[in-house]
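**Student:** In mature numbering (1 follows the signal peptide of the UniProt record, and there is no 0), the protein residues as written are -29 to -1, 1 to 303. Each residue gets a CB set at the ideal place from its N, CA and C atoms; glycine is no exception. Source: prediction; values computed, not measured. I am attaching a structure below and will ask some questions about it afterwards.
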Amino acid sequence: MVRLRGSVFILAICGLLCFGLSSLLSASALDEATSTNVVTTEPIEPIPQTIALNSEKVELGNQLFHDPQLSGNGKVSCASCHKLSLAGADQLPKSIGTGMGFVNAPTVFNSGLNIKQFWDGRADTLETQIDGPMTSDHEMNSNWPDVVNKLTNSAAYKAEFAKLYPNGINPDNIKDAIATFERSLYTPNSRFDQYLRGNQAILTSSEKAGYQKFKDFGCVACHQGAGVGGNMFQKFGVFGDYFKDRGNITKEDLGRYNVTQDEADRYAFKVPSLRNVVLTAPYFHDGSVETVDEAVKVMIKYQLGRPADQTDIDQIVQFLNTLTANVAGDQS
C-alpha cells in the first residue's frame, strides 16, 4: 500500500491530485492481458486490450448491478449512482441513493485498476467495497440476509448461481459476480492508448503539446500507470489550503485520515483515474467543480503551485480528451 508520509517536498513531488471522478494493473491481470507495440518509456501505460474474465459471471454480475431489489426499498441499484450511460458516474455533486450522500461518486469504469476503493481507500478490493453501499443507510440501506433471501426466492437467480457457484447464493458469491462485472468495465482503446501503441498520427500537435505539459508540469507524478491515477494517495492542498479557501470542512474532507487515524493522511485521498475524465463532471471528492478547465486550474494552484496561462490549460484539457473511450466490446 502506498502511504502518504514525509514532508511537503515529498508531497510536491507527487504533484497533481483529484479529478472527481486506479493500482497499476496487477501482475495477475497483466498475465491475463494482451498488448503489443507499447511505448514502454512513457509514464502512462495503455490499458490491455483484453482481460480474461468469466463471461457468465460478468452477465450475472451485470444483472445484479442493475437490480434494485438488492436495496432496502427496492428502488436503488448499483447503477443508480454508477450509470453506464454516464461513463460510470452520475453527474451529481453528491450521489443520491436511499438518502443524500456525502461525496461525489467516482466512476466505476476501470475501477479494477485501483489500488484501493473509495476516495479514502477504506476497501482493499472491489469485493469488499460492495459491503459499503449495500449496508449504508443513505446508499442502498440493505443487509446481506435480506439480499440473499430475495435472490433465493428467484428461480432464475437460483439457477444461475447454482451453475456458477457450488455453494449457491451467499454474500461472497454475490460480491464475486458483481466485482467480476465491474472488472469488465475497462476502456482499452482511447486515442491516447492507440498513440502509446505506436499510432503517432492519431493525436493532433496540440494534444501532444498538452501531454508534454502534463508531464512537464508534474501531473504524471500522481496520474500515471494504466489508470492514469488510482495507484496512490495524495494530500489535497500541497501549495495552498484548499479546504480553508472552500470553507465548511466536513468529516469526509479528512479523507484517508478517517481510515488510518494517521496525521500524515489528513486531507489525503486516493488519486482518481483521469480516464474518461471529460465525461465524469463534477469533479473532486466534494463535487465542487463543474468543468475540466476549472479542475485543471484548481490542481495547478493547489497541487503544483506554479503559473499557467490559458493556452497551457487548453492544451492539457485537449490531452485529457484523448483519454476518452468506450468500455471494451462497446462499439457505440
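Bridge partners of F204, per DSSP?
**Tutor:** DSSP lists K241 as partners of F204.
**Student:** On a CA-only basis, which of Q274, G258, N247 is nearest N292? Give me that one, please.
**Tutor:** Per the Cα distances, N247.
**Student:** Here's the rule: buried if 16 or more other CB atoms are within 10 angstroms of the residue's CB, otherwise exposed. What is S26?
**Tutor:** Exposed, because fewer than 16 other Cβ atoms sit within 10 Å of the Cβ of S26.
**Student:** Pull up the distance between the alpha-carbon of V298 and that of S125, whole angstroms please.
**Tutor:** Between V298 and S125, the C-alpha separation is close to 30 Å.
**Student:** What does the Cβ neighbour count give for E234, buried or exposed, with the cut at 16 atoms within 10 Å?
**Tutor:** Label assigned to E234: exposed.
**Student:** Skipping 5 residues on each side, what residues in its chain have a beta carbon closer than 6 Å to that of L63?
**Tutor:** Once the five neighbours on either side are set aside, L63 has no close Cβ partner at all.
**Student:** Terminal residues of the continuous alpha helix (DSSP H) containing E98?
**Tutor:** Counting along the chain, the alpha helix (DSSP H) containing E98 begins and ends at 97 to 100.
**Student:** Check for me: the alpha helix (DSSP H) holding T22 runs from which residue to which?
**Tutor:** The sequence shown places Ile at residue 22, rather than the Thr named in the question. Counting along the chain, I22 falls outside any alpha helix (DSSP H), and DSSP gives it neither H nor E.
**Student:** Measure the C-alpha to C-alpha separation of F89 and L41 and round it to an integer number of angstroms.
**Tutor:** Distance between the alpha carbons of F89 and L41: 20 Å.
**Student:** Taking 8 Å as the cut-off, does the region 181 to 195 touch the region 271 to 287 (at least 3 CB pairs, one atom from each stretch)?
**Tutor:** Because the criterion of three Cβ pairs below 8 Å is met, the region 271 to 287 and the region 181 to 195 touch.
**Student:** For Q100 and K179, what's the separation of their Cα atoms in angstroms?
**Tutor:** For Q100 and K179, the distance between alpha carbons rounds to 36 Å.
**Student:** Could you check where the alpha helix (DSSP H) with A279 kicks off and where it finishes?
**Tutor:** It is not in any alpha helix (DSSP H) - A279 carries neither H nor E in the DSSP assignment.
**Student:** Can you give the Cα-Cα distance for G198 and L84, rounded to whole angstroms?
**Tutor:** Cα to Cα, the separation comes out at about 6 Å.
**Student:** What's the call for N44, buried or exposed, on a 16-neighbour Cβ count within 10 Å?
**Tutor:** With fewer than 16 other Cβ atoms within 10 Å, it is exposed.
**Student:** In chain order, what residues of the same chain lie with their CB nearer than 8 Å to the CB of V288, ignoring the 5 residues before and after it?
**Tutor:** Excluding positions up to five away in sequence, the list reads G181, V249, V263, D264, V267.
**Student:** Output yes or no for whether 8 Å exceeds the beta carbon distance between F204 and Y273.
**Tutor:** Against a cut-off of 8 Å, the Cβ pair of Y273 and F204 comes out as no contact.
**Student:** Taking the alpha helix (DSSP H) that W115 belongs to, which residues open and close that run?
**Tutor:** Counting along the chain, the alpha helix (DSSP H) containing W115 begins and ends at 115 to 123.
**Student:** Would you check if the distance between the CB atom of T151 and the CB atom of G32 is smaller than 8 Å?
**Tutor:** Contact flag set, yes.
**Student:** Applying the criterion that 16 or more other CB atoms from any shown protein chain within 10 Å of the CB defines a buried residue, is E261 buried or exposed?
**Tutor:** Its Cβ having fewer than 16 others within 10 Å, E261 is exposed.
**Student:** Using a Cβ distance threshold of 8 Å, determine whether the region 67 to 75 contacts the region 133 to 145, with at least three qualifying pairs required.
**Tutor:** At 8 Å Cβ cutoff, the stretches do not touch.
**Student:** Specify the secondary structure class of V79 as computed by DSSP and reduced to three states.
**Tutor:** V79 falls in the coil class under three-state DSSP.
**Student:** Can you grab the Cα-Cα spacing for the pair G59 / K215, in whole Å?
**Tutor:** When rounded, the distance between both Cα atoms is 31 Å.
**Student:** Given that a residue counts as buried once 16 or more other Cβ atoms are within 10 Å of its Cβ, and exposed if not, what is I220?
**Tutor:** It counts as exposed.
**Student:** Under 8 Å by Cβ, that's how I've got P243 and P104 pegged, so tell me the actual separation to the nearest angstrom.
**Tutor:** At roughly 18 Å, the Cβ-Cβ gap does not stay under 8 Å, so P243 and P104 are not in contact.
**Student:** DSSP on N111, reduced to helix/strand/coil?
**Tutor:** One point to set straight first is that residue 111 is Met, not Asn, in the sequence displayed. M111: coil per DSSP, three-state reduction.
**Student:** Closest by CA to F240, which one among A252, T251, T231, G226?
**Tutor:** Nearest option by C-alpha distance: G226.
**Student:** Locate the alpha helix (DSSP H) running through N144, then write down its first and last residues.
**Tutor:** Element bounds for N144: 142 to 154.
**Student:** Give me the residue from G92, G200, Y136 with the minimum Cα distance to residue 359.
**Tutor:** Outside the shown range of the chain, which is -29 to 303, sits residue 359, and nothing can be said about it.
**Student:** Answer with buried or exposed for A296, where buried requires no fewer than 16 other C-beta atoms within 10 angstroms of its C-beta.
**Tutor:** Classification of A296: buried, given that the 10 Å Cβ count is 16 or more.
**Student:** So the alpha helix (DSSP H) H229 belongs to, where does it begin and stop?
**Tutor:** A quick correction: the sequence has Asn, not His, at residue 229. Counting along the chain, the alpha helix (DSSP H) containing N229 begins and ends at 228 to 231.
**Student:** Looking only at C-alpha atoms, which of Q20, H53, I22, T21 sits nearest to F36?
**Tutor:** Out of Q20, H53, I22, T21, H53 has the C-alpha closest to the C-alpha of F36.
**Student:** Give, in chain order, every unbroken run of the alpha helix (DSSP H) that is at least 4 residues long and sits entirely within the region 153 to 196.
**Tutor:** Segments of the alpha helix (DSSP H) lying fully in the region 153 to 196: 162 to 167, 176 to 187.
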